[in-house]
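Enquirer: Below is a structure I'd like to ask you about.
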């Protein structure tokens with residue numbers, strides 16, 4: 015029961031839901047997520063840390079970038095996260111984040127974002 019409460023607490027933040035929606039599409043680095051959400055990289059990093067603590071995401075090194083991705087769903091989380099994922103596909107905010115991200119090129123833009 016405690017794990018489920020932690021999951022709900024993590025998903026109770028709009029920006030973490032938006033990150034969840036973005037990572038449902040593909041792996042991304044902090045600068046891509048920051049650009050799509052319109053927030054600072056440190057703010058995104060704090061959200062990612064929280065999501066990693068409950069086992070929602072993992073990370074891997076790719077050159078000088080760290081890419082974040084959704085982990086396989088834990089059996090007890092599957093019903094909740096499947097519903098959340100489907101709901102986010104209908105969200106205008108999440109759709110807007112994906113559209114914004116299409117204009118971003120991390121190879122040229124990551125160094126230009128505010129820290």
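In the numbering used here, the protein residues as written are 15 to 129.
Where a beta carbon is used, it is the ideal one built from N, C-alpha and C, also for glycine.
Please read all numbers here as calculations on a predicted model, not as lab measurements.
1. With DSSP as the reference, please indicate the residues paired to residue 79 in a beta bridge.
2. Going by beta-carbon coordinates alone, are residue 40 and residue 61 separated by less than 8 Å?
3. Comparing C-alpha positions only, which one of 105, 79, 53 and 83 sits nearest to residue 65?
4. Output the distance between the C-alpha atoms of residue 34 and residue 79, rounded to the nearest integer angstrom.
5. State the Cα-Cα distance for the pair residue 32 and residue 43, rounded to the nearest angstrom.
6. Please state if the CB of residue 70 and the CB of residue 50 are separated by a distance shorter than 8 Å.
7. With a threshold of 6 Å on Cβ separation, who are the neighbours of residue 74 within its own chain once the five nearest residues in sequence on each side are excluded?
8. On the DSSP letters alone, give me the boundaries of the alpha helix (DSSP H) that residue 110 sits inside.
Expert: Looking at the atomic coordinates:
1. 76
2. no
3. 83
4. 19 Å
5. 14 Å
6. no
7. 81
8. 106-115
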